[in-house]
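Note sheet for the following structure.
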Amino acid sequence: MKYEYTYRNTGMDIWQLSMYYIYGSMVGMCNLIFTAAILTLTIVRWETSGNFFRICAVLGCCLFPIIQPLAVYGKAKKQSSASQDIKIRFDDTGIHVGQGEGKQDISWNKIKRIAKKPSMILVFLNSTHGFVLPNRILKEEKNDFYAFLSSKMKK
């Protein structure tokens, strides 16, 4: 079996990856708890508070659901503009990656884990490095591709 793709990660791909990991971790839970607490405080104290409190409360309510995602998107957009096209091939011997003039062959035993998210498949080389394969390049092969990766990880 062989899967081959040429693509470039967009700002939206990197943003989605960041959001999955922010809101799938303890940090995300703290964000949600803070937002619920500040929203509750804002509703309870709105009538008896002054303008300064109201401004701070509204900003607090907007911090994690609006401001943080916009800031993360800005960073992701900047990061994606510096990236090059990636040519990647998955076959029985491993992963073969080409970017610009560089090429790298990675055997299956170097892959630490794979993850299937709603909009992408992630292939991890270690806890912080890997490959993001968005649905827009996988198309209808996503499930077959994930099954192929899973079969290689079990060996």
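In case it helps, our numbering puts the sequence shown at residues 18 to 172. A virtual CB, placed ideally from N, CA and C, is assigned to each residue, including glycine.
Mind checking who residue i pairs with in its DSSP beta bridge?
i, result
"Y22", "I105"
"F148", "V140"
Distance check for residue j and residue i, CA to CA, integer angstroms please.
i, j, result
"N68", "A54", "19 Å"
"L34", "T27", "11 Å"
"M46", "I39", "9 Å"
"K129", "E118", "26 Å"
"L150", "L56", "37 Å"
"I105", "W63", "55 Å"
"M29", "K133", "17 Å"
"K127", "M18", "19 Å"
"V140", "K92", "22 Å"
"M137", "S66", "45 Å"
"I83", "F165", "38 Å"
"F4", "A99", "Since the displayed the chain opens at 18 and closes at 172, residue 4 lies outside it and no answer follows."
"A88", "K95", "11 Å"
By Cβ distance below 8 Å, which residues in the same chain neighbour residue i in space, the five residues on each side in sequence not counted?
i, result
"P86", "W32, M36"
"N143", "K129"
"M170", "W125, I128, R130, I131"
"V75", "T59"
Going along the chain, which residues of its own chain have a beta-carbon closer than 6 Å to the beta-carbon of residue i, five neighbours each way excluded?
i, result
"Q121", "V114"
"I60", "none"
Compute the beta-carbon to beta-carbon distance between residue i and residue j, rounded to the nearest angstrom, for a pair I have assumed lies under 8 Å.
i, j, result
"E158", "Y20", "7 Å"
"I103", "R153", "So it is not a contact: roughly 14 Å between Cβ atoms."
Q: Note down, one range per segment and in chain order, each beta strand (DSSP E) of at least 3 residues found wholly within the segment 76–140.
A: Counting only runs of 3 or more, we get 103–108, 111–116, 119–124, 130–134.
Q.
To test your reading of the DSSP string, which unbroken beta strand (DSSP E) runs of 3 or more residues are found completely within the segment 31–73?
A. List check, beta strand (DSSP E) in window: nothing returned.
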